[in-house]
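**Student:**
Protein chains: 2
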Amino acid sequence: MRGYDFEEERVKQEVLRIGAKRVLLQLPEGLKPEGPRLAKVVEKTGAVTIVSADPCYGACDLAIKEAEGLGVDLIIHYGHSKLLKYEPVPTIYVEARAVLSVIDVVEKALPLLKGWRRIGLATTVQHVQALDSVRETLVRAEKTVVVGDAGRLEYPGQVIGCNYSNVKSIVKDVDAFLYVGGGRFHALGVALSTMKPTVVADPYSCEVFSVDDEAEKATRQRWRSLKVAQKVKTFGVLVGLKPGQRRLDQALRLKLKLERKGKVACLFAINEVVPEALSEFPTVGAYVNTACPRLSIEDAQRFDVPVLSKNEVLVMLGEMSWEEFCRKGLFES
Amino acid sequence: MRGYDFEEERVKQEVLRIGAKRVLLQLPEGLKPEGPRLAKVVEKTGAVTIVSADPCYGACDLAIKEAEGLGVDLIIHYGHSKLLKYEPVPTIYVEARAVLSVIDVVEKALPLLKGWRRIGLATTVQHVQALDSVRETLVRAEKTVVVGDAGRLEYPGQVIGCNYSNVKSIVKDVDAFLYVGGGRFHALGVALSTMKPTVVADPYSCEVFSVDDEAEKATRQRWRSLKVAQKVKTFGVLVGLKPGQRRLDQALRLKLKLERKGKVACLFAINEVVPEALSEFPTVGAYVNTACPRLSIEDAQRFDVPVLSKNEVLVMLGEMSWEEFCRKGLFES
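Protein sequences appear in the order of chains Z and G. In terms of our numbering, the first sequence is residues 237 to 569. In terms of our numbering, the second sequence is residues 237 to 569.
1) If you reduce the DSSP assignment to three classes, tell me which class Phe-539 of chain Z lands in.
2) Please compile the residues from chain Z whose C-beta is within a distance smaller than 7 Å of the C-beta of Pro-433 of chain G.
3) Could you work out which residue in G:Gly-565, G:Val-549, G:Ile-311 and G:Pro-269 is closest to Ile-254 of chain G when comparing CA atoms only?
4) Which residues mark the beginning and the end of the beta strand (DSSP E) in which Ile-328 of chain Z is found?
5) Using a Cβ cut-off of 9 Å, pull out every chain G residue sitting near Arg-482 of chain Z, in sequence order please.
6) For Gly-565 of chain Z, I'd like the list of residues in its chain whose CB is within less than 8 Å of its CB, leaving aside the five on either flank, ordered along the chain.
7) Just mark Ser-557 of chain G as buried or exposed, buried being the case when its beta carbon has 16 or more other beta carbons within 10 Å.
8) List, in order along the chain, the chain Z residues whose C-beta lies closer than 7 Å to that of Gly-271 of chain G?
9) Name the chain Z residues whose beta carbon is nearer than 9 Å to that of Thr-285 of chain G?
10) Can you tell which of G:Glu-265, G:Cys-528 and G:Phe-413 has the C-alpha that lies nearest to the C-alpha of Val-435 of chain G?
11) How many whole angstroms separate the CB atoms of Pro-511 of chain Z and Cys-398 of chain Z, which I take to be in contact at a CB cut-off of 8 Å?
12) Which runs of the beta strand (DSSP E), 3 residues or longer, sit entirely within the segment 408-460 of chain Z?
13) For Thr-470 of chain Z, decide whether its Cβ has a neighbour in chain G, counting only Cβ atoms nearer than 8 Å.
14) Which residues does DSSP list as the beta-bridge partners of Asn-399 of chain G?
15) For Ser-569 of chain G, is the classification buried or exposed, using 16 other Cβ atoms within 10 angstroms of its Cβ as the cut-off for buried?
16) What is the DSSP secondary structure of Leu-298 of chain Z, reduced to helix, strand or coil?
17) Does Ala-275 of chain G come out as helix, strand or coil in the three-state DSSP assignment?
18) Check each candidate in Z:Thr-373, Z:Gly-307 and Z:Lys-350 and name the one with the smallest Cα separation from Val-573 of chain Z.
19) Let me check understanding here. Comparing Cα to Cα, which of G:Lys-344, G:Val-342, G:Val-361 and G:Lys-379 lies closest to Ile-229 of chain G?
20) Let me see if you follow: with CB-CB separation under 8 Å, is Ser-288 of chain G close to chain Z or not?
21) In three-state DSSP terms, what is Gly-554 of chain G?
22) Classify Lys-497 of chain Z as buried or exposed, calling it buried when 16 or more other Cβ atoms lie within 10 Å of its own Cβ.
23) Among residues of its own chain, excluding the 5 on either side of Leu-474 of chain G, which ones have a beta-carbon nearer than 7 Å to its beta-carbon?
24) Suppose you measure from the CA of Ser-515 of chain Z to the CA of Asp-485 of chain G; what does that come to, to the nearest Å?
25) Does the structure place the segment 549-563 of chain G close enough to the segment 416-424 of chain G that three or more beta carbon pairs sit under 8 Å?
26) Could you pull out every unbroken beta strand (DSSP E) segment of at least 3 residues lying fully inside the segment 337-368 of chain Z, listed in chain order?
27) Using the Cα positions of Val-407 of chain Z and Ser-461 of chain G, report the straight-line distance between them to the nearest angstrom.
28) Take Arg-371 of chain Z as the anchor and find which of Z:Asp-297, Z:Gln-362 and Z:Val-381 has the nearest alpha-carbon.
29) Counting contacts by CB-CB distance shorter than 8 Å, is Asn-507 of chain Z in contact with chain G?
30) At 9 Å on the CB atoms, spell out the chain G contacts of Val-475 of chain Z, in chain order.
31) Going along chain G, which residues have a C-beta under 7 Å from Val-520 of chain Z?
32) So Leu-492 of chain G contacts chain Z; which residues on that side make the cut at Cβ distance below 9 Å?
33) Apart from the five residues just before and just after Cys-442 of chain G, which ones in its own chain have a Cβ nearer than 6 Å to its Cβ?
34) DSSP three-state label for Thr-285 of chain Z, please.
35) Do you know whose CA, among Z:Val-410, Z:Arg-258, Z:Val-330 and Z:Trp-352, lies nearest Tyr-314 of chain Z's CA?
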């Protein structure tokens, strides 16, 4: 897979320095095809090397339990920056920075930004090193550029699937956002968190486009889900099992809130929030998801029943207005 | 769900006796719809009660890590008998015995057994209490009845998805097997482990049928998979992460064997061996599965590439003959 820096030399040196005898490689879906090749690189150090084949969508999902179960003494986690405060198993993060230029596609995006002067930048860890040159390109086009840093992620301007604190921190200072990176997923997150016009400059496909229609559609879909859930009697409250998705206390509080309003609520523990798992419980008419906040939005069409976020439950129960919910952004936890 | 004994009173008393404050309920797919109702029963003791929504296909998959992650002090595992030698979290097994009679359907199965005199009995834990009356029914029909007990499962005559030691222990003493229970899955296991004619008496559907054609088809399919794998260069060796499916040493030995024959082999750790997970690694042409031995057979059609068992690898590498492999039974580990 060209286009990413897998830091093979650093990885080998770190494995040797730590003296790891058994190593677990964890890659997100997009980088997984590289797993077997990278395992052969690490094997050269003499360490037994195992590739995790389970789904991984973020650093919230660090394979700690898996590593412990296999007696692994080092995890190498690719494609995400550090998220957990503490790793019980030594962990190296290989951020898989992109090695391709983004400037051409950013220039191509300029016409889409012509209505706005103050532009906020957002990107994934793969492109944080390119933000300075993106800024210069925009300044030359007479834009004012703002890069947010709320201090909760590793890099200024960085966004991850469930955390848009950096763009939210500058929402009042910008007219629109430019997201530099692949695909629609993170850009949609920017739009839904900020309710600002959001343009994508995708250096992989060399395409530029707005996600505003998609964001509006997703917002309407959340409203519909919430209205359907309002009429439901029995709720399931999902507690994630992944290290960065485990919020039992929040789940207990939401269960109590639902019960006080006359609903029946049952707690469910779950690793992967997938439609097939939820469809095993036909008596449950709607779910409240305290695990990964993106799931309900990305996969809404795939679920047979509403899957609400914490704040959506509050709106449903009349404890938060729809306007406040939208102002906080659809992911605010 | 009628037809099963969920032992609700015993469960409540045990929760109170143990003084559990946080309880995790784990049910196999077929019983999962009962989860929310059973949670409400356990909640009456005052314990916080959580239902596991992740897939569960056997007691090999006891939710120990999940329980530890959630600070649970008692697991209630439904639908299977005890399998692990030791549970790090206190565990109650509720075997979910069937409360329906099997005699009518066993009588209906008699014509299918008419060619054979010596009949071996097999069933799941749901019906072990019915084996005495099944025996009587067959004896009245002038059959000699044999119930095996190899000492590796909880009850004589019992089979589970991956362990047919009880029927294998009597394979020389019988002409055919009668499996009493629901569906084709366990009966197919009996046929593939013993290579004996196997008749099903299903008390749920009241149907009686042979699984011999299906077993022959599955055996031929295994042969084809093995032949396809022989030409593959790069293998993935799967290590299960579930408590009763973790065989890293076996995986390491198989990797070495493959490498000695000039193959490239890479270790993969995996919770759920599903086609979507394996399809993330397009450079891998075949897998060796040391996790759940049934998966390759049940789901063979769903996988894009061959997924071989340990013994199938030995046949492929010329270290075991096909005849010996069949004689040992397709699940012999």
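From the three backbone atoms N, C-alpha and C, an ideal C-beta is built for every residue, glycine too. What you are looking at is a predicted structure, and each value in this text was computed from that prediction instead of being measured.
**Tutor:** Straight from the coordinates:
1) As a working note, residue 539 of chain Z is residue 303 in the first sequence. Of the three classes helix, strand and coil, the one that applies to Phe-539 of chain Z here is coil, per DSSP.
2) To locate residue 433 of chain G, count along the second sequence from 1; it is residue 197. Going along chain Z, no residue has its Cβ under 7 Å from Pro-433 of chain G, so there is no contact; the nearest lies around 35 Å.
3) For the purposes of this step, residue 254 of chain G is taken as the residue at position 18 of the second sequence. With distances taken between Cα atoms, Ile-254 of chain G lies closest to G:Ile-311.
4) For this step, residue 328 of chain Z is matched to residue 92 along the first sequence. Element bounds for Ile-328 of chain Z: 327-330.
5) Taking the first sequence and counting its residues from 1, the one referred to as residue 482 of chain Z is at position 246. In chain order: Gly-305 and Leu-306.
6) As a first step, residue 565 of chain Z must be located in the first sequence, where it is residue number 329. Closer than 8 Å at Cβ, skipping near neighbours: Tyr-400, Lys-404, Leu-428, Ser-429, Thr-430 and Met-431.
7) Here the question's residue 557 of chain G lines up with position 321 in the second sequence. Its Cβ having fewer than 16 others within 10 Å, Ser-557 of chain G is exposed.
8) Position 35 of the second sequence, counted from the first residue, corresponds to residue 271 of chain G. Ordered by position in chain Z, the residues that pass the 7 Å Cβ test against Gly-271 of chain G are Phe-517.
9) As a first step, residue 285 of chain G is located in the second sequence; it is residue number 49 there, counting from the start. Per Cβ cutoff of 9 Å: Cys-502 and Leu-503.
10) Translated into positions along the second sequence, residue 435 of chain G becomes position 199. Ranking G:Glu-265, G:Cys-528 and G:Phe-413 by Cα distance to Val-435 of chain G puts G:Phe-413 first.
11) Taking the first residue of the first sequence as position 1, residue 511 of chain Z is located at position 275. Taking the first residue of the first sequence as position 1, residue 398 of chain Z is located at position 162. Rounded, the Cβ-Cβ distance is 19 Å, inconsistent with contact.
12) 412-416, 434-438 and 443-446
13) For the purposes of this step, residue 470 of chain Z is taken as the residue at position 234 of the first sequence. Yes, its Cβ sits closer than 8 Å to a Cβ of chain G.
14) Within the second sequence, residue 399 of chain G is the residue found at index 163, counting from 1. G:Ile-396.
15) For the purposes of this step, residue 569 of chain G is taken as the residue at position 333 of the second sequence. Residue confidence is low: Ser-569 of chain G scores 47 on pLDDT, short of 50, so the model does not pin down where it sits. Its coordinate-derived value is still stated next. It is exposed - the Cβ of Ser-569 of chain G has fewer than 16 other Cβ atoms within 10 Å.
16) Walking along the first sequence from the start, residue 298 of chain Z turns up at place 62. The answer is coil: DSSP assigns Leu-298 of chain Z none of H, G, I, E or B.
17) Residue numbering aside, residue 275 of chain G sits at position 39 when the second sequence is read from its first letter. In this structure, DSSP gives Ala-275 of chain G a helical state, which the three-state scheme calls helix.
18) With chain Z covering only 237 through 569, there is no way to say anything about residue 573 of chain Z.
19) Only positions 237 to 569 of chain G appear in the structure, and residue 229 of chain G is not among them; the question remains open.
20) On the second sequence, position 52 is the one that residue 288 of chain G refers to. So yes, Ser-288 of chain G belongs to the interface.
21) One-based indexing of the second sequence puts residue 554 of chain G at position 318. DSSP places Gly-554 of chain G outside both helix and strand once states are collapsed to three, so it counts as coil.
22) Translated into the one-based positions of the first sequence, residue 497 of chain Z becomes position 261. Answer is exposed; the Cβ neighbour count stays below 16.
23) Translated into positions along the second sequence, residue 474 of chain G becomes position 238. Excluding positions up to five away in sequence, the list reads Phe-504, Ile-506, Val-509, Tyr-523, Val-524, Asn-525, Thr-526 and Ala-527.
24) Counting from one through the first sequence, the residue named residue 515 of chain Z turns up at place 279. Counting from one through the second sequence, the residue named residue 485 of chain G turns up at place 249. For Ser-515 of chain Z and Asp-485 of chain G, the distance between alpha carbons rounds to 37 Å.
25) Touching, no.
26) Entirely contained in the segment 337-368 of chain Z, the beta strand (DSSP E) runs reaching 3 residues are, in chain order, 354-359.
27) What you label residue 407 of chain Z is simply residue 171 of the first sequence in a count that begins at 1. What you label residue 461 of chain G is simply residue 225 of the second sequence in a count that begins at 1. Going from the Cα of Val-407 of chain Z to the Cα of Ser-461 of chain G covers about 57 Å.
28) On the first sequence, position 135 is the one that residue 371 of chain Z refers to. Closest option to Arg-371 of chain Z, Cα to Cα, is Z:Val-381.
29) Walking along the first sequence from the start, residue 507 of chain Z turns up at place 271. Asn-507 of chain Z has a beta carbon lying within less than 8 Å of a beta carbon in chain G.
30) What you label residue 475 of chain Z is simply residue 239 of the first sequence in a count that begins at 1. Per Cβ cutoff of 9 Å: Ile-286 and Leu-306.
31) Along the first sequence, read from residue 1 onward, the residue named residue 520 of chain Z stands at position 284. The answer, in chain order, is Pro-272.
32) Position 256 of the second sequence, counting from 1, holds the residue named residue 492 of chain G. Simply none; closest approach about 11 Å.
33) In the second sequence, counting from the first residue as 1, residue 442 of chain G sits at position 206. Correct list, in chain order: Val-341.
34) Position 49 of the first sequence, counted from the first residue, corresponds to residue 285 of chain Z. In the structure shown, Thr-285 of chain Z sits in a strand (DSSP, three-state: E or B).
35) By 1-based counting over the first sequence, the position of residue 314 of chain Z is 78. The candidate whose alpha carbon is nearest that of Tyr-314 of chain Z is Z:Val-330.
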